[in-house]
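Numbering (my numbering), first residue to last: 4 to 88.
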């Protein structure tokens with residue numbers, strides 16, 4: 004018999020994924036997965052504002068759950084020196 008609490012967490016994670024996909028954030032490739040009783044949020048976003056928006060949506064959808072966020076901001080600034088190959 005499956006644990007209804009786990010199903011509820013999976014439903015909430017799926018709903019978060021749907022919300023992320025429905026907004027302009029959908030192309031970012033941010034993933035939310037249930038791992039060891041917590042939710043792991045991973046991916047790369049183009050700006051700190053996008054990261055904050057993803058984390059805000061996660062807080063709304065996953066309130067009361069343990070969430071480990073590993074969402075990083077891609078460095079989009081020009082390099083300050085030439086790359087040596």
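Think of the CB as a built atom: it goes at the ideal place given N, C-alpha and C, for glycine as much as any other residue.
Any chance the region 13-23 sits against the region 54-63, with 3 or more Cβ pairs inside 8 Å?
yes
Using 10 angstroms around the beta-carbon of residue 38, count the other beta-carbons present and answer buried if the total reaches 16, otherwise exposed.
exposed
Mark residue 35 as exposed unless 16 or more other C-beta atoms lie within 10 angstroms of its C-beta, in which case mark it buried.
buried
Whole-angstrom C-beta distance between residue 74 and residue 42, which should lie under 8 Å:
In fact, because the Cβ distance is near 12 Å, the residues do not count as touching under 8 Å.
When you compare the CB positions of residue 33 and residue 57, do they come within less than 7 Å of one another, or not?
yes
Measure the Cβ-Cβ separation of residue 44 and residue 76 and say whether it is below 7 Å.
no
Opposing strand residues paired with residue 72 [DSSP bridges]:
44
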